[in-house]
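A.B. asks: For the sequence shown, the UniProt record's numbering gives the first residue as 1, with consecutive numbering after it. Each residue gets a CB set at the ideal place from its N, CA and C atoms; glycine is no exception.
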Amino acid sequence: MAILIPKKVPHRKVRKGKNSGIATRCNTVAFGEFGLMSLDNERINSRQIEAARQAITRYIKRGGKIWIRIFPHTPVTKKPLDVKMGSGKGEPQFYVAKVKAGTVMFEIADVTEEQAREALRLASHKLPVKCKIIKKEEF
């Protein structure tokens, strides 16, 4: 299982920050034919992204092409169990991607529409956000 983590981060620990509003970038299907769009603002960790990727790959039996449009750059810290308050911030435990409503998280191509819809539906069950399956607009 290849967990997504950044090779290098500018700061080892970062503050939580806000994750509100709608996506202004990464909000259209750019590479594939079908996409999985988030309808909520949420933090998605690297394990959830990997689980969704595996669900898609297993369903399409390694056919087609998949693009993962999100990457977990943000470290999340946690203090160990049974440690009293104070004495600084905890150590980084895992990495998350901050996803806004309207972000296209996964894209898929070179498969039939039924296969794509079912694969993305299975992937959506692995993620902590409500999702919508979208098709590339033909211009």
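#1: Whole angstroms are fine: how far does the CA of residue 132 sit from the CA of residue 29?
#2: Any heavy atom of the ligand NAP closer than 7 Å to the CB of residue 122?
#3: Check this for me: beta carbons of residue 34 and residue 69, under 8 Å apart or not?
#4: Starting from the Cα of residue 49, find the closest Cα among 9, 128, 110, 10 and give me that residue.
#5: In the structure shown, what three-state DSSP assignment does residue 36 receive?
#6: Would you be able to state if there are at least three C-beta pairs under 8 Å between the stretch 94 to 106 and the stretch 35 to 45?
#7: Would you call residue 111 buried or exposed, if buried means 16 or more other Cβ atoms sit within 10 Å of its Cβ?
#8: Please determine if the stretch 11 to 31 and the stretch 71 to 81 are in contact, where contact requires at least 3 C-beta pairs separated by less than 8 Å.
#9: May I ask you to list the residues that DSSP assigns as paired with residue 95?
#10: Does residue 56 come out as helix, strand or coil in the three-state DSSP assignment?
C.D. replies: On the basis of the data shown:
#1: For the purposes of this step, residue 29 is taken as residue 29 along the sequence shown, with counting starting at 1. For the purposes of this step, residue 132 is taken as residue 132 along the sequence shown, with counting starting at 1. Between residue 29 and residue 132, the C-alpha separation is close to 12 Å.
#2: Inclusion of the ligand NAP in the displayed structure is not the case, the ligand content being empty and no account of it being possible.
#3: For the purposes of this step, residue 34 is identified with residue 34 of the sequence shown, where counting begins at 1. For the purposes of this step, residue 69 is identified with residue 69 of the sequence shown, where counting begins at 1. Cβ distance not < 8 Å, so residue 34 and residue 69 don't count as in contact.
#4: Within the sequence shown, residue 49 is the residue found at index 49, counting from 1. Taking only the C-alpha atoms, the option nearest residue 49 is 128.
#5: Looking up residue 36 in the sequence shown gives position 36. In the three-state reduction of the DSSP assignment, residue 36 falls in the strand class, which pools E and B.
#6: The stretch 35 to 45 is in contact with the stretch 94 to 106.
#7: Position 111 of the sequence shown holds residue 111. Answer is buried; the Cβ neighbour count reaches 16.
#8: yes
#9: Locating residue 95 in the sequence shown gives position 95, where the first residue counts as 1. Partner(s): 75.
#10: For the purposes of this step, residue 56 is taken as the residue at position 56 of the sequence shown. Correct three-state label for residue 56: helix.
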